[in-house]
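Trainee: Per numbering that gives the first Met the number 0: the sequence shown = residues 0 to 64.
Every residue, glycine too, gets a C-beta built ideally from N, C-alpha and C.
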Amino acid sequence: MVNSAYWHTTLEKKHILEQNLGLTHLSFQQTLVKNPLYTNETVEEPLTGFEKGGYVAIIAEKPRS
């Protein structure tokens, strides 16, 4: 059983993807921004960025070798 966990921030993940893995052209799409009480009433379209969402997708490109 896990007693503690560390959740990496989106900026930490961005740094790892760019600096350690060499990925480029990163973009971010976020969802789960609305109050959970109202999430079943309408479809929530993803928003650009990573400041507010409960889920963030990171899209990146791998440079050609």
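In this structure, does DSSP put Tyr54 in helix, strand or coil?
Mentor: Residue state, collapsed to three classes: strand.
Trainee: Is Glu60 helix, strand or coil when you go by DSSP?
Mentor: Glu60: strand per DSSP, three-state reduction.
Trainee: Could you give the C-beta distance for Gly52 and Thr38, rounded to a whole number, given that I count them as a contact under 8 Å?
Mentor: Gly52 to Thr38, Cβ: 12 Å. No contact.
Trainee: Are Leu22 and Ala59 touching if we call contact CB-CB under 8 Å?
Mentor: Closer than 8 Å, so yes.
Trainee: Would you check if the distance between the CB atom of Glu40 and the CB atom of Val32 is smaller than 8 Å?
Mentor: No, Cβ-Cβ distance for Glu40 and Val32 is not below 8 Å.
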